[in-house]
Amino acid sequence: MALLSSLLKPSCSSAGLQGCLGAGLALTRGLPSLAPGLVHTREVSTLDLRTVVAEKIPAQQERLKQIKKQHAAKKIGEVTVGACIGGMRGINGMLWETSLLDPEDGIRFRGYTIPECKDRLPAAVEGGEPLPEGMLWLLMTGEIPTKEQVDQLSDDLRKRSALPSHVAAVLDAMPADTHPMTQFTQAVLSLQTNSEFAAAYARGINKSEYWKPYFEDSMDLIAKLPAVASLIYRRTYHNNQVIEMDPKLDWAANLSHMMGHSSTGAMELMRLYQTIHSDHEGGNVSAHTTHLVGSALSDPYLSFAAGMTGLAGPLHGLANQEVLLWINVVKKELGGAPTKEALTDFVWDTLKNGKVVPGYGHAVLRLTDPRYTCQREFALKHLPEDETFKLVSLLYEVVPAVLKETGKVKNPWPNVDAHSGVLLQVR
13 MALLSSLLKP
23 SCSSAGLQGC
33 LGAGLALTRG
43 LPSLAPGLVH
53 TREVSTLDLR
63 TVVAEKIPAQ
73 QERLKQIKKQ
83 HAAKKIGEVT
93 VGACIGGMRG
103 INGMLWETSL
113 LDPEDGIRFR
123 GYTIPECKDR
133 LPAAVEGGEP
143 LPEGMLWLLM
153 TGEIPTKEQV
163 DQLSDDLRKR
173 SALPSHVAAV
183 LDAMPADTHP
193 MTQFTQAVLS
203 LQTNSEFAAA
213 YARGINKSEY
223 WKPYFEDSMD
233 LIAKLPAVAS
243 LIYRRTYHNN
253 QVIEMDPKLD
263 WAANLSHMMG
273 HSSTGAMELM
283 RLYQTIHSDH
293 EGGNVSAHTT
303 HLVGSALSDP
313 YLSFAAGMTG
323 LAGPLHGLAN
333 QEVLLWINVV
343 KKELGGAPTK
353 EALTDFVWDT
363 LKNGKVVPGY
373 GHAVLRLTDP
383 RYTCQREFAL
393 KHLPEDETFK
403 LVSLLYEVVP
413 AVLKETGKVK
423 NPWPNVDAHS
433 GVLLQVR
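All residue numbers for the sequence shown refer to the numbering used here, where the first residue is 13 and numbers rise by one.
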C-alpha cells in the first residue's frame with residue numbers, strides 16, 4: 013500500500029517510505045486476477061477475505077487458461093524503436109486488472125474513481141476517510157466490502173503484525189544515518205525467513221495451490237509493514253524510542269500512532285494516504301519490478317523488496333522528497349509567502365536553468381491528478397492556514413500557466429507528489 017508515514021517527520025529524507033506501505037496493499041497482484049465482470053456485482057456475506065478469495069480462484073484460474081487458449085495469437089499492439097529506447101513506454105505487455113489509469117479520469121480501482129472510493133468504502137469515523145483495509149478487499153475481490161468485513165480484516169492484520177526479534181537486530185547493525193528506504197528494504201528481506209511460500213515450494217506444492225501460501229505471505233507482510241516503517245522512523249529520528257501497537261486501532265491509524273502521531277487528523281490523513289497509493293497500474297517501476305521478480309516464483313518478501321529498491325529512486329518513490337526539497341529552496345529564496353509575480357519569475361528561472369519543476373506533469377494523465385485533488389481537499393479542511401500549504405496552492409495557480417506557455421509540456425498539471433510530502437510534514 014501506496015503504500016504510510018508521518019505528519020509527521022522532521023526530515024524529508026524518509027519520504028520514500030510513504031509509497032512503500034501503500035504498495036504493500038498491492039502485493040497480492042501475484043495472485044490470479046479477477047474478472048472485470050465481477051466488479052459491482054454483489055455484496056458477499058462472509059467476513060473472511062481468504063474464504064472469499066478461495067471461492068473465486070478456481071474460476072479465475074480456468075478463465076486465464078481459456079484466454080490463453082483462445083487468444084494466445086492475438087496481437088495487442090506494435091513495438092517501435094522509440095518505445096524501446098523510451099523504457100517500453102506505451103507497450104502493452106502485462107495483464108493488470110486491479111487498477112486503470114485513465115488520461116481524463118485519473119486512477120480507477122476496480123472501476124471506481126477516487127471520489128467513488130471515498131464515498132463507498134467503509135470509514136473509521138462517519139464521513140471520514142476510507143480505511144485502506146477496504147481498498148485491499150476491493151482490489152482482491154472486485155467488491156465493495158461491508159464495515160463488518162473491513163473490521164474483521166483489520167483484526168486479522170493486527171494478529172499478524174508482530175515482528176520477529178531479528179528484524180530489529182538487522183536494523184541495529186546498520187549505521188543510524190542509513191537512508192530509511194535502505195533500512196526498509198533490508199527489514200523486508202529479513203522477514204523472508206518466515207516465508208510460507210518458500211517453504212511450501214521446497215516441499216513440492218502443486219502449482220494450482222501456489223496462491224495459498226502466497227496469500228499468507230502477502231497478508232503477513234502487509235500486516236507487518238506499519239511496525240517496520242515506524243521502527244525505522246523512531247530509530248532514525250527519535251533515538252530509537254519505539255512506540256508499541258495499539259490493539260484497538262486499524263492498520264493505518266496504528267502506523268500514525270506508532271510513529272508518534274495519535275491525533276484524529278493524523279490518523280485520518282494516514283488512512284487517506286494509504287488508500288490512494290494502494291495501486292497504480294502495473295507499468296511503474298516498483299509495481300513492474302515486484303511483478304517481474306514474482307514471476308520467477310520468488311516469494312512475496314523477495315519480490316516486494318526488489319520493488320522497493322525501485323521505489324527508492326528519485327524519479328519514483330522519492331519524488332515527493334524532491335518536491336519538498338524544491339519548496340524549501342523556494343522558501344529560502346522568496347520567503348514563506350511570496351507574491352504570485354515573484355513565484356512566477358522563480359518558476360521561469362528554474363526552467364531556464366535546465367531544471368524541472370518537481371511534482372508537475374505525468375506520463376499518462378492529461379489533467380490534475382485526482383490524488384492531488386483529494387489531498388488538497390483534506391488540507392483545505394484540516395489546515396487551510398498552514399504556510400506551506402498556502403505556498404503549494406499558489407504554485408497550483410502559477411506552474412501550469414508557465415508550463416503551458418513553454419509549449420513543450422503535454423500535461424502541465426500537478427501529480428500526487430506535488431502535495432503528498434507537504435501533508436506529511438505538517439506537525
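Glycine is no exception: its CB is placed at the ideal position from the N, C-alpha and C atoms.
Since the structure is predicted, the reported quantities are computational estimates derived from the model, not experimental observations.
Rounded C-alpha distance that separates residue i from residue j
| i | j | result |
| --- | --- | --- |
| Glu409 | Thr58 | 48 angstroms |
| Ile126 | Ile69 | 27 angstroms |
| Leu435 | Pro144 | 18 angstroms |
| Ser432 | Gly216 | 44 angstroms |
| Gly99 | Val297 | 10 angstroms |
| Leu406 | Gly277 | 24 angstroms |
| Asp262 | Arg170 | 8 angstroms |
| Pro157 | Leu151 | 11 angstroms |
| Arg315 | His300 | The residue you asked about is not Arg; residue 315 is Ser in the sequence shown. The straight-line gap from Cα to Cα measures roughly 10 angstroms. |
| Gly421 | Thr362 | Checking the displayed sequence, the identity of residue 421 turns out to be Val instead of Gly. Rounded to whole angstroms, Val421 to Thr362 spans 15 angstroms at the Cα level. |
| Asn427 | Val369 | 11 angstroms |
| Leu183 | Val341 | 32 angstroms |
| Asp189 | Asn252 | 12 angstroms |
| Leu237 | Phe209 | 18 angstroms |
| Arg132 | Glu109 | 20 angstroms |
| Glu293 | Gly325 | 18 angstroms |
| Leu304 | Gln78 | 23 angstroms |
| Gly347 | Pro176 | 47 angstroms |
Terminal residues of the beta strand (DSSP E) in which residue i lies
| i | result |
| --- | --- |
| Gly118 | Gly118 to Phe121 |
| Ser111 | Ser111 to Asp114 |
Assigned secondary structure, residue i (DSSP; H/G/I helix, E/B strand, else coil)
| i | result |
| --- | --- |
| Ser405 | helix |
| Tyr222 | coil |
| Arg54 | Confidence at Arg54 is low in this model, with a pLDDT of 43, below 50, so the placement of that residue should be treated as unreliable; the coordinate-derived value is given next. DSSP places Arg54 in coil when its eight states are reduced to three. |
| Ser25 | Confidence is the limiting factor: at Ser25 the pLDDT is only 37, short of 50, which leaves the residue's position unreliable, though a coordinate-based value still follows. If DSSP states are grouped into helix, strand and coil, Ser25 belongs with the helices. |
| Ala135 | strand |
| Pro144 | helix |
| His374 | coil |
| Met100 | coil |
| Leu327 | coil |
| Gly419 | coil |
| Val162 | helix |
| Asn266 | helix |
| Lys260 | coil |
| Trp149 | helix |
| His431 | helix |
| Pro350 | coil |
| Lys87 | coil |
| Ser242 | helix |
| Asp189 | coil |
| Thr411 | Note that residue 411 is Val in the sequence shown, not Thr. Of the three classes helix, strand and coil, the one that applies to Val411 here is helix, per DSSP. |
| Gln253 | coil |
| Thr92 | coil |
| Leu314 | helix |
| Glu399 | helix |
| Trp108 | coil |
| Glu293 | coil |
| Lys440 | As displayed, the chain neither begins before 13 nor continues past 439, which places residue 440 out of reach and without an answer. |
With 16 other Cβ atoms within 10 Å as the buried cut-off, status of residue i
| i | result |
| --- | --- |
| Val411 | buried |
| Phe196 | buried |
| Val139 | Just to set this straight, residue 139 is Gly in the shown sequence, not Val. Gly139 is exposed by the Cβ-count criterion. |
| Asp60 | exposed |
| Leu107 | exposed |
| Lys364 | exposed |
| Asp232 | buried |
| Asp229 | buried |
| Gly419 | exposed |
| Asp291 | buried |
| Val91 | exposed |
| Leu392 | exposed |
| Ile244 | buried |
| Asp258 | exposed |
| Thr63 | exposed |
Residue i: first and last residue of the uninterrupted alpha helix (DSSP H) it sits in
| i | result |
| --- | --- |
| Thr380 | That residue, Thr380, is in no alpha helix (DSSP H); it is neither H nor E in DSSP. |
| Leu336 | Ala331 to Leu346 |
| Arg283 | Thr276 to Ile288 |
| Ser173 | Careful: Ser173 lies outside any alpha helix (DSSP H) and carries neither H nor E. |
| Val182 | Ser177 to Asp184 |
| Gln437 | Per DSSP, Gln437 belongs to no alpha helix (DSSP H) and is neither H nor E. |
| Glu208 | Glu208 to Arg215 |
| Leu76 | Leu61 to His83 |
| Thr205 | Element bounds for Thr205: n/a, residue is neither H nor E. |
One or two residues paired with residue i in a DSSP bridge
| i | result |
| --- | --- |
| Tyr124 | Phe121 |
| Pro426 | Tyr372 |
Chain B contact for residue i (CB, 8 angstroms cutoff)
| i | result |
| --- | --- |
| Lys87 | Any reference to chain B falls outside this structure, which holds one protein chain only. |
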